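Residue numbering for the sequence shown follows this note's numbering, starting at 24 and increasing by one per position. All C-beta atoms in this analysis are idealised placements derived from N, C-alpha and C, irrespective of residue type, glycine included. Just so it is clear, the structure is predicted and the values come from calculations on it, not from any experiment.
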Amino acid sequence: MRYDKIWLDARLVTVNPAAAGLGIIERGAIAAKDGRIAYVGRQADLPGGWSATETVKLDGRWVTPGLVDCHTHLVYGGNRAHEFELRLAGASYEEIARAGGGIVSTVKATRAASEDDLVKTALPRLDHLCGEGVTTIEVKSGYGLDQDSEIRLLRAARRLGRERKVDVVTTFLGAHAMPPETTDKDQFIAQVCAMLPAIIREKLADAVDAFCEGIAFSPEQTARVFDAAKAAGLPVKLHADQLSNLHGARLAAEHGALSADHLEYTDEEGAAAMGEAGTVAVLLPGAFYVLREKQLPPVDAFRKHGVKIAIATDSNPGTSPITSLLLTMNMGATLFRLTVDELVAGVTREAARALGRLSDIGTLEAGKWCDLAVWDIERPAELVYRIGFNPLHQRIWRGA
Ligand code: DI6
Ligand code: FE
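Structure (structure tokens):
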């Protein structure tokens, strides 16, 4: 076999679901051909007679799958530093939202931005994430809230994937908030559903999301968006039970959602429904931290009901202005008491599952894209333990 590139003397965190724990292989080798993993396993088991165009010795460094940030709102205009100051002075997130700030202030700035502006302002945030080994990122719309602005935002998100060596998975989140020009929620939901054909025609969305919450949309309104998405052949996900328990987790599970995200107020019944349906729990400790939330997501219930757990940055200008998946892992440990194994799987295999991409990325298995992160660490726990330190040695996307 002739490989394009082979990495030798590696300690592999395969995250292979068939293996115990993180599927670690000491003295491992991994080889790429045509951008995909052609061999992964013990170096001693490499098939005889192999050769490679390029050989890299990793001197015992650790290799994980490229990291997957499966929930972001990376593309938007402006920022909300002013609102941050108001919150420091005592205003709550919901009070600011009800007074016309919050998401709506970002909507105004996003509508005023050109597609070029949106790409230009998102790139430094993307670069920071990629600088920590992220090779796939999900980006949601939801700051345009009219058809043209949502489409502009999604086009900008797609462009990020052409400007950088990274996979960008896009999600249409038209039902994120009420736009400032309307107050009739049912009517706006009808408009959101009516935006889908144009978005699909341009292949601008890989999934559809909604924000099911008192300050956003009801379960019934969310279900209408889900039905429209399903009729159009797109998978769904949900911002569920972030600030109160509207049984969004159960709703997402009933609709076969890829994931339900946030979930601080989810009850055991919701967790059980998610386990049954195979809906991934995407936990977002950055938003929990910024909002000084006290209610913890029901991690034990997720474990008990076999719910797969992913974690993500939720990178957004309001509740999670964070562009570090490593820091997010640290928060997942300290705030949510997730284990190192859960966190490493949560930013690789389970994040890929939450995007419906597990057959292509998220673990080190032959046939998947050869997206890797090579780390200068002595054990995987170091990825979680340090705060504000980046041990990335090298990032490989599609074998190069
Ligand atoms: N939940 C969140 O945490 C973000 N969106 C959502 O539905 C917040 C977005 C923002 O405040 O701009
Ligand atoms: Fe979000």
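Check, Outcome
"Segments of 4+ residues assigned as alpha helix (DSSP H) that fall wholly inside the stretch 307-357", "308-313, 322-327 and 348-357"
"Contiguous alpha helix (DSSP H) assignments of at least 4 residues, all confined to the stretch 30-94", "none"
"Cross-strand partners of PHE195 (DSSP beta bridge)", "VAL231"
"Cβ-Cβ distance between ALA254 and ALA276 below 7 angstroms", "no"
"Burial state of LEU307 (16 or more Cβ within 10 Å)", "buried"
"Cβ separation of LYS158 and LEU97, assumed to be a contact under 8 angstroms, to the nearest whole Å", "One point to set straight first is that residue 158 is Thr, not Lys, in the sequence displayed. Actually they are not in contact, since the Cβ atoms of THR158 and LEU97 sit about 15 angstroms apart, beyond 8 angstroms."
"CA-to-CA distance, GLY379 to PRO321, given in whole angstroms", "23 angstroms"
"6 angstroms Cβ shell around ARG134 - same chain, five flanking residues per side excluded", "SER172"
"Distance CB(ALA263)-CB(CYS93) smaller than 7 angstroms", "no"
"Top-ranked residue by Cα proximity to ALA52, from PHE240, LEU45, THR37 and ALA42", "THR37"
"Separation of TYR288 from GLU204, as counted between CA atoms", "30 angstroms"
"VAL305, DSSP secondary structure in three states", "strand"
"6 angstroms CB neighbourhood of ARG25 in its chain, flanking five on each side removed", "SER74"
"Closer than 6 angstroms: ASP323 CB and nearest the ligand FE heavy atom", "no"
"Near the ligand DI6: HIS262 beta-carbon under 6 angstroms from a heavy atom", "yes"
"Residues near GLY83 in its chain [Cβ-Cβ closer than 8 angstroms; skip 5 each side]", "ASP32, ALA33 and ARG34"
"DSSP-derived helix/strand/coil call for LYS131", "helix"
"Reduced DSSP secondary structure (H/G/I, E/B, other) of LEU274", "helix"
"For ALA396: DSSP bridge partner residues", "THR87 and ARG418"
"Segment limits, alpha helix (DSSP H) that includes SER267", "From DSSP, SER267 is part of no alpha helix (DSSP H); its letter is neither H nor E."
"For GLU118 and VAL370, the rounded distance between their alpha carbons", "33 angstroms"
"Identity of the residues DSSP links to ARG424 by a beta bridge", "Given that the chain is displayed from residue 24 to residue 423, the structure contains no residue 424 and the question cannot be resolved."
"C-alpha distance - LYS80 paired with THR193, whole-angstrom precision", "36 angstroms"
"Exposure of ARG273, with buried meaning 16 or more beta-carbon neighbours within 10 Å", "buried"
"Validate contact between the stretch 390-401 and the stretch 54-66 using beta carbons, cut 8 angstroms, 3 pairs", "yes"
"Secondary structure of HIS105, DSSP reduced to three states", "helix"
"Cα-Cα separation, ASP229 to PRO258", "7 angstroms"
"Any non-hydrogen atom of the ligand FE within 6 angstroms of ILE92 CB", "According to the sequence shown, residue 92 is Asp rather than Ile. The answer is no for ASP92."
"Within 7 angstroms, strictly: CB atoms of LEU45 and ASP364", "yes"
"Buried versus exposed call for GLN265 [16 or more other C-beta atoms within 10 Å across all chains shown]", "buried"
"ILE424, enclosing alpha helix (DSSP H) - first and last residue", "The structure shown does not extend to residue 424, since the chain is modelled only from 24 to 423, so the question has no answer here."
"Between the CA atoms of ALA368 and SER382 - distance to the nearest angstrom", "15 angstroms"
"Cβ contact (3+ pairs, closer than 8 angstroms) linking the stretch 177-197 and the stretch 396-416", "no"
"N- and C-terminal bounds of the alpha helix (DSSP H) containing ILE223", "208-224"
"Distance cut-off 6 angstroms: ASP229 Cβ against heavy atoms of the ligand FE", "no"
"For LYS163, the residue or residues it bridges with in DSSP", "THR194"
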